[in-house]
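What follows is one structure encoded as structure tokens, with my remarks underneath.
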Amino acid sequence: MTSLCAALLALSACGDEPIETPEFSDLQIVCAQSSSSDEGLIVERVQVQVSDPNRELLSVKGSINSVLITLEDPDADLIFTWSPPASEAPMSCKGDFVVSLEATEAGGSSTQFYEIVSK
388 MTSLCAALLA
398 LSACGDEPIE
408 TPEFSDLQIV
418 CAQSSSSDEG
428 LIVERVQVQV
438 SDPNRELLSV
448 KGSINSVLIT
458 LEDPDADLIF
468 TWSPPASEAP
478 MSCKGDFVVS
488 LEATEAGGSS
498 TQFYEIVSK
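Going by my numbering, the sequence shown opens with residue 388, and the numbers climb by one from there.
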């Protein structure tokens, strides 16, 4: 019985520490004039800042208007970006953008983010 109480006390003490997970901020959909006059403004890139308090962030993936995306951070500044591939049709920069993202850490935990951006 004593060992059970000690185990429960140890678990409750661990529960007092806050769990730090990645947090999303400053979502931006950056537009640019298309080289074709027919298309007008098109999405040049999507970027978001992601805090990484545990330094265990593996990936940031999600979707924008149901298009699957993987955001990258090549310069390790915690600003993750995605640009539409040149091989795909341009994405118009008009209307609402439904953005859903997920940051996954090395331990398998993840943080989700959802925002609607109107242009």
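Glycine is no exception: its CB is placed at the ideal position from the N, C-alpha and C atoms.
Being a predicted model, the structure only gives us computed values, none of them experimental.
- Inclusion of Asp483 and Leu465 in the CB contact set at 8 Å is not warranted, their separation being larger than that value.
- Between Asn452 and Val504, the C-beta spacing is not below 8 Å.
- For Val430, the closest alpha carbon among the candidates Ile416, Glu410 and Arg442 is that of Ile416.
- Considering only Glu410, Arg432 and Asp413, the residue with the shortest C-alpha distance to Met478 is Arg432.
- Taking a contact as a CB-CB distance under 8 Å, the pair Asn441 and Glu492 counts as one, their CB atoms being some 6 Å apart.
- Within the same chain, Glu431 come within 6 Å of Ala419 by CB-CB distance, once the 5 residues on both sides are set aside.
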